[in-house]
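Okay, so here's the structure we're looking at.
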Amino acid sequence: MMLVRSSHRRSTVGRQLAILGGEPAFKEPVHVGRPNVPDPEGFLNSISDILERRWFTNQGPVVRKFEDRLTAFLGVKHVIAICNGTIALELAERALELSGEVIVPSFTFVATAHSLQWQGIRPVFCDIDPHSHCLDPAKVEQQITERTTAILAVHLWGRPCQVEELEEIASRRGLHLLFDAAHGFGCTYRGRMIGNSGDAEIFSFHATKFFNTFEGGAIATNDDELAQRLRLMKNFGFSGMDRVDHVGTNGKMSEVSAAMGLAGLDSLADFVSSNRINYMAYRRHLAELNGITMLQYDESERCNYQYIVIEVDERDAGLTRDQLLAALRAENVLARRYFWPGCHCMEPYRTLYPEAARALPVTEHVASRVIVLPTGSAVGVEDVEIICGIIRRALEHPGAVAEAVGDAPYGV
Ligand SMILES: *Cc1c(COP(=O)(O)O)cnc(C)c1O
Numbered sequence: 010m011m012l013v014r015s016s017h018r019r020s021t022v023g024r025q026l027a028i029l030g031g032e033p034a035f036k037e038p039v040h041v042g043r044p045n046v047p048d049p050e051g052f053l054n055s056i057s058d059i060l061e062r063r064w065f066t067n068q069g070p071v072v073r074k075f076e077d078r079l080t081a082f083l084g085v086k087h088v089i090a091i092c093n094g095t096i097a098l099e100l101a102e103r104a105l106e107l108s109g110e111v112i113v114p115s116f117t118f119v120a121t122a123h124s125l126q127w128q129g130i131r132p133v134f135c136d137i138d139p140h141s142h143c144l145d146p147a148k149v150e151q152q153i154t155e156r157t158t159a160i161l162a163v164h165l166w167g168r169p170c171q172v173e174e175l176e177e178i179a180s181r182r183g184l185h186l187l188f189d190a191a192h193g194f195g196c197t198y199r200g201r202m203i204g205n206s207g208d209a210e211i212f213s214f215h216a217t218k219f220f221n222t223f224e225g226g227a228i229a230t231n232d233d234e235l236a237q238r239l240r241l242m243k244n245f246g247f248s249g250m251d252r253v254d255h256v257g258t259n260g261k262m263s264e265v266s267a268a269m270g271l272a273g274l275d276s277l278a279d280f281v282s283s284n285r286i287n288y289m290a291y292r293r294h295l296a297e298l299n300g301i302t303m304l305q306y307d308e309s310e311r312c313n314y315q316y317i318v319i320e321v322d323e324r325d326a327g328l329t330r331d332q333l334l335a336a337l338r339a340e341n342v343l344a345r346r347y348f349w350p351g352c353h354c355m356e357p358y359r360t361l362y363p364e365a366a367r368a369l370p371v372t373e374h375v376a377s378r379v380i381v382l383p384t385g386s387a388v389g390v391e392d393v394e395i396i397c398g399i400i401r402r403a404l405e406h407p408g409a410v411a412e413a414v415g416d417a418p419y420g421v
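The sequence shown lines up with residues 10 to 421 when you count with the working numbering.
This is the structure in structure tokens:
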């Protein structure tokens, strides 16, 4: 497999931090979410076949094969390949005829909320558990009203949310249950692949995700009737050559994307392995640092280790999250604040639901502390060591770093 390493790194031994006037540790930016690249040979052969066949989209043979492989991999009855994760969410919500209000976390990528708002459904933001960063079932219960039609939960960072508790609430209160599994591809919940719970689970295969088809997504469901409806809806409602049974849209995946997906499935074990090696290296190097807590994956489950998430406790670290971020960015380490400041602080939600923040103390707390660090097959353990060295040095000189950052921490 082809590993694209960030080559231009410098030794950090005895080096001055860049934020304090030293040379940056990396000449080239080190990004979060650089795409994982599969073995190109299979992919390129498949592209030649697609060109020769002149069958580029509309449920062609490559998409069908990709769906079959996904169905077997996830151990689910139906997988429908879709052009991206956002349209996949919208299609699932629409096929279930959701309306009124749907309970969602605010601590997620904004597409989770947008997929509802876009079709006139109100996202009701619910608080999360401080440790899992996923929906807190007890708080979900408090947000249910007579207008609620569903819960849309997110397996954040690829760590499964409290599926059984949510299933119990949904069935007792007569609600639909969807999972945004955009981060959860290749992960298990109690030994079973994510993709088997609720009415349906939605994956994103965007370039920055663990497993990508350039752009792409999928809906996994064990509901035959729902699968049938989704297949019609993602193809303008066509049920035959000249016959339309539904209002529909264009949610189709192209043959080229499916070819990338098939190649990616063949390289999946390599992606997991390079992520896991980085994850272990980060754990080792960050373990002793005061004020830094790294999110752990449950080793008894299958995980994709795609997100290296740390929380900065300002009191113990001596630095705020944003000051540490500024120190990293000065070194060309383009770490990110995910999912800051939370969907409820973004428009249109901020204006429409100004009172939402009152129900979201944990979301606001977590969102102010999280940094996501670079990993993936483009990042090596040597890079990880340097990145952790920068964090360690910044924590050793909190006063100087804070002064150098001044009143304009990163991005503010
Ligand atoms: C990426 C992502 C989406 C959107 O998927 P796209 O394929 O980019 O449309 C939705 N939800 C979450 C949690 C995501 O991370």
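Cβ atoms here follow ideal geometry from the backbone N, Cα and C, with glycine treated the same way.
DSSP-derived helix/strand/coil call for residue i
i, result
"Y316", "coil"
"M11", "Because the pLDDT of M11 is 44, which lies under 50, any placement of that residue in the model is unreliable, and the number read from its coordinates should be weighed accordingly. Correct three-state label for M11: coil."
"M202", "strand"
"F118", "coil"
"V421", "Summary for V421: the model assigns pLDDT 42, below 50, so the residue's position carries little reliability; its value from the coordinates is reported in the next sentence. Residue state, collapsed to three classes: coil."
"V256", "coil"
"N54", "helix"
"I96", "helix"
"G8", "The structure shown has nothing for residue 8, since the chain only spans 10 to 421."
"I178", "helix"
"S124", "helix"
"V39", "strand"
"A162", "strand"
"V172", "helix"
"R63", "coil"
"E110", "strand"
"G385", "coil"
"I228", "strand"
"A371", "Reading off the sequence shown, one finds Val at residue 371, where the question assumed Ala. The answer is helix: DSSP assigns V371 an H, G or I state."
"V414", "helix"
"T29", "According to the sequence as given, residue 29 is Leu; it is not Thr. L29 falls in the helix class under three-state DSSP."
"A409", "helix"
"R238", "helix"
"R24", "coil"
Delimiting residues of the beta strand (DSSP E) encompassing residue i
i, result
"M303", "I301 to M303"
"P132", "R131 to C135"
"L187", "H185 to D189"
"V88", "H87 to I91"
"V379", "V379 to L382"
"F212", "A209 to S213"
"A81", "Run containing A81: none in the beta strand (DSSP E); it sits in the alpha helix (DSSP H), P70 to L83."
Residue i: first and last residue of the uninterrupted alpha helix (DSSP H) it sits in
i, result
"V281", "E264 to L295"
"I399", "V390 to E405"
"T360", "Y358 to L361"
"F245", "Unbroken run through F245: none, as it is neither H nor E."
"Q332", "R330 to A339"
"R324", "E323 to A326"
"A147", "P146 to Q152"
Length of the line joining the Cα atoms of residue i and residue j
i, j, result
"R168", "G193", "7 angstroms"
"T217", "S141", "22 angstroms"
"A179", "E373", "26 angstroms"
"S283", "V256", "44 angstroms"
"E61", "K74", "18 angstroms"
"D77", "V88", "8 angstroms"
"I28", "A336", "5 angstroms"
"A368", "E150", "13 angstroms"
"E224", "C92", "7 angstroms"
"M10", "V253", "With a pLDDT of only 42 at M10, under 50, the local geometry of the prediction cannot be trusted, and no value is derived from it."
"S377", "P370", "11 angstroms"
"W349", "F116", "8 angstroms"
"G260", "A90", "8 angstroms"
"V13", "S386", "Note that V13 scores a pLDDT of 46, beneath 50, so its modelled location is shaky; the value from the coordinates is reported in the next line. Approximately 7 angstroms between the Cα atoms of the pair."
"P139", "P70", "45 angstroms"
"A236", "H123", "23 angstroms"
"P357", "L328", "32 angstroms"
"G51", "F214", "19 angstroms"
"M269", "T154", "43 angstroms"
"L105", "P363", "29 angstroms"
"L53", "A365", "49 angstroms"
"R131", "F188", "17 angstroms"
"L423", "E110", "Outside the shown range of the chain, which is 10 to 421, sits residue 423, and nothing can be said about it."
If you measure from each CB to the nearest heavy atom of ligand 1 and keep those under 6 angstroms, what residues do you get, in chain order?
The answer, residue by residue, is N93, G94, T95, T117, F118, A120, T121, V163, D189, A191, H192, S213, H215 and G226.
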